[in-house]
Every structure is written in structure tokens, then in C-alpha cells.
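Student:
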Amino acid sequence: MRSRLVGLVLLLAAGPVAAAELVPPKDLQASWFDGKAISTTGPRGGKATMTFSADGKVTRTGGRAGGARQGTWRLDEDGFCMRLGEAKRDACYLALKNPDGSLRVVRRSGGAFTWSR
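Residue numbering for the sequence shown is -19 to -1, 1 to 98, as defined by mature numbering (1 follows the signal peptide of the UniProt record, and there is no 0).
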């Protein structure tokens, strides 16, 4: 399953990201889901800040909807899933590490975000 997902990610996120490596879920949890703010840039250039806490809660400020949104996150087999605000279902993502240390976070149904600190 992982090889199919990586292939899909590489097709969706073509370009310099093709050399990036898939970040395992446990590494995401240890390095990024630690309560520290993450700056995000969406596929259309929108900016937001996200904070993932160890207890499975996530907060987003800024972004398309403007105000703060609370939600939950969880690890899955290849990445993570989260649900913000009034969403009826989880959105699941894969994370690819860029050479500069930032992450390219790709929604499995399309669209990529860049995370940095």
C-alpha cells in the first residue's frame, strides 16, 4: 500500500519534491506534533498556523476560513488524519521531507501544503 501511496504523492507533487522522502507517522508525531506552532502555506498561497498537541488536538489559525478552528488528529498507517471544525469526516495526509527540512504535506485526495518552522 505504501508504494502505491508514494507513487500517487510523487505524481501529485511533481517537481523538486520528487527527491523527498516519506516521513513515517511516528517521526511526524515526535518531530512535528509536539505543541509547537507550524507555519503552513496552502496550494494557492494561503497562510495559516497549526499546532498539534500530543493529546490528539489540533488548532488552526488563519487560512481560508479566517478564524481559529479546533479539531483532532490521529496517526494512520502512512501518515496522519485530522478533522477540523464542523467537518463530517477526517482528511488524511502524507508528509514528504524536503531537502531544506520543511515538509510537503499532501492531502490524499489532492492538494499539497508546505510546513515549516
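Don't be surprised by glycine CBs; every beta carbon is placed ideally from N, CA and C.
Remember, predicted model here, so these are calculated numbers, not experimental data.
With a 10 Å radius around its C-beta and 16 neighbouring C-beta atoms as the bar for buried, classify Thr42 as buried or exposed.
Tutor: Position 61 of the sequence shown, counted from the start, is the residue given in the question as residue 42. The residue is exposed, with fewer than 16 neighbouring Cβ atoms inside 10 Å.
Student: Quick check: the Cα distance between Thr53 and Arg64, rounded to an integer number of angstroms?
Tutor: Counting from one through the sequence shown, the residue named residue 53 turns up at place 72. Counting from one through the sequence shown, the residue named residue 64 turns up at place 83. Taking the straight line from one Cα to the other gives about 6 Å.
Student: Do the stretch 90 to 98 and the stretch 14 to 32 make contact, defined as three or more Cβ pairs closer than 8 Å?
Tutor: Contact between the stretch 90 to 98 and the stretch 14 to 32 is present, because at least three Cβ pairs lie under 8 Å.
Student: Does the separation of the CB atoms of Gly66 and Arg55 fall below 9 Å?
Tutor: To locate residue 66, count along the sequence shown from 1; it is residue 85. To locate residue 55, count along the sequence shown from 1; it is residue 74. In this structure, Arg55 does not lie closer than 9 Å to Gly66 by Cβ.
Student: What's the C-alpha gap between Asp59 and Arg25?
Tutor: For the purposes of this step, residue 59 is identified with residue 78 of the sequence shown, where counting begins at 1. For the purposes of this step, residue 25 is identified with residue 44 of the sequence shown, where counting begins at 1. In a straight line, the C-alpha of Asp59 is about 25 Å away from that of Arg25.
Student: Are at least three pairs of beta-carbons, each pair with one atom in the stretch 24 to 38 and one in the stretch 1 to 16, less than 8 Å apart?
Tutor: Result yes; three or more Cβ-Cβ pairs closer than 8 Å.
Student: Return the residue from the list Asp71, Glu2, Leu84 and Lys78 that minimises the CA-CA distance to Ser90.
Tutor: Translated into the one-based positions of the sequence shown, residue 90 becomes position 109. Ranking Asp71, Glu2, Leu84 and Lys78 by Cα distance to Ser90 puts Asp71 first.
Student: Distance, Cα to Cα, Gly27 vs Asn79?
Tutor: Position 46 of the sequence shown, counted from the start, is the residue given in the question as residue 27. Position 98 of the sequence shown, counted from the start, is the residue given in the question as residue 79. Rounded to whole angstroms, Gly27 to Asn79 spans 19 Å at the Cα level.
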